[in-house]
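In the working numbering, the protein residues as written are 3 to 352.
Here is the structure:
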């Protein structure tokens, strides 16, 4: 692929400087997510676009590139089901003094688990802000990810990092946990989102210690815990003594690839509405909704990656439109290819 023009160097430096502020597992990044994305750029008229000088065109294109690079969130039935179940649990746990119940979102990669739990966190925090409009000290939601090969100290440190608490080399586990519990209690944390739970293995000593640490946090904090991870129900996380404790307190919501139905068509249509391309014909993407389903295996993450990637290429190459060929040019993840291949074989065997 030939790129018609380079990205300005100062733009790359600016994005690097603010990268830390975009991470959901920091309080700054989370609040930036809650405040919402910037207003989508207005698509200039054809004549105004063609008459732009190079400097103005670069700035205009950069705003469109940034817009298409963002992950689009669509209120799917799965997201709505997660939000309703999570909200119910928060209410049920509001006056509980022990044995609070939680939620596990489990399924294959690319099926929208992170989107679902972060949207739950978004709705909870916005509701909290509406109820306490003048309170600036509240942290109603904490979002952390489980690092690969995590230890108990590492997961405790992730909580501290989100809250902006310093963790020194000489800090012991008790110091870190007490600091986290103290801040969460003072700031009225009511929802804790723990992503990438599949990085815990209960068959290892470290994994068991991480599970125990999360359980201890859940006992010390007056909050509802929501876990998300790849195929948690099939990974052994819910077996054995520790697994039985989790299974006995957590509701499980499975995530799956989308079937080809009206909701899938709605997803594609919603994504097409966000495009800011000069040569893209309205309806051209929705005409490809069945192809996109076959191409991505019904994975919403793969769908978003393909559409956003093709939109970026359309701007960078100057074609300004998305076609079947440009969508096929975007490399997808192995899971999407595997799922799509299995679906094709199943259809051919019928």
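For every residue, glycine included, the Cβ atom is placed at its ideal position computed from N, Cα and C.
Ends of the beta strand (DSSP E) at residue i?
i           : result
residue 230 : 226–232
residue 194 : 193–197
residue 147 : 143–147
Quick one: give me the first and last residue of the alpha helix (DSSP H) that residue i is part of.
i           : result
residue 315 : 302–319
residue 354 : Residue 354 is absent from the structure shown; the chain starts at 3 and stops at 352.
residue 253 : Counting along the chain, residue 253 falls outside any alpha helix (DSSP H), though it belongs to the beta strand (DSSP E) covering 252–256.
residue 330 : 326–330
residue 161 : 154–165
residue 267 : 264–275
residue 294 : 291–298
residue 181 : 175–188
To the nearest angstrom, how far is it from the Cα of residue i to the Cα of residue j?
i           : j           : result
residue 123 : residue 194 : 8 Å
residue 249 : residue 143 : 23 Å
residue 222 : residue 329 : 49 Å
residue 274 : residue 284 : 8 Å
residue 163 : residue 327 : 44 Å
residue 6   : residue 307 : With a pLDDT of 36 at residue 6, under the threshold of 50, the predicted position of this residue should be treated as unreliable, though the coordinate-derived value follows. Whole-angstrom Cα-Cα distance: 22 Å.
residue 48  : residue 317 : 14 Å
residue 259 : residue 108 : 12 Å
residue 160 : residue 190 : 19 Å
residue 11  : residue 58  : Low confidence applies here, because residue 11 scores a pLDDT of 31, under 50, leaving its location unreliable and the question unanswered by this model.
residue 70  : residue 207 : 43 Å
residue 172 : residue 165 : 19 Å
residue 281 : residue 63  : 14 Å
Counting only the same chain and skipping the five closest in sequence on each side, list residues whose C-beta sits under 7 Å from that of residue i.
i           : result
residue 333 : none
residue 100 : none
residue 265 : 78 and 79
residue 292 : 262
Between which residues of its own chain and residue i is the CB-CB distance below 6 Å, once the five residues before and five after are set aside?
i           : result
residue 45  : 278
residue 229 : 106, 196 and 199
residue 103 : 91 and 251
With a CB to CB cut of under 8 Å and the five nearest residues on each side skipped, what residues in its chain are close to residue i?
i           : result
residue 370 : The shown model of the chain, from 3 to 352, leaves out residue 370, and the question about it has no answer.
residue 226 : 88, 91, 92, 95, 102, 103, 104, 105, 192, 193 and 194
residue 114 : 78, 80, 81, 257, 302 and 303
**OP:** Could you tell me which uninterrupted beta strand (DSSP E) segments, each at least 3 residues in length, are contained entirely in the region 44–117, listed from first to last along the chain?
**Re:** The region 44–117 contains these whole beta strand (DSSP E) runs: 104–109.
Subject >> Contact the region 112–126 vs the region 69–89: 3+ CB pairs below 8 Å >> reply: Enough Cβ pairs lie closer than 8 Å, so yes.
Original post:
Hey, is the region 207–224 in contact with the region 176–191, meaning 3+ C-beta pairs nearer than 8 Å?
Top reply: They touch, by the three-pair rule.
Original post:
Does the region 190–210 come within contact of the region 136–156, defined as at least 3 CB pairs closer than 8 Å?
Top reply: Touching, yes.
Original post:
Can at least three beta-carbon pairs, one atom from the region 251–265 and one from the region 298–315, be found at a separation below 8 Å?
Top reply: A contact exists between the region 251–265 and the region 298–315.
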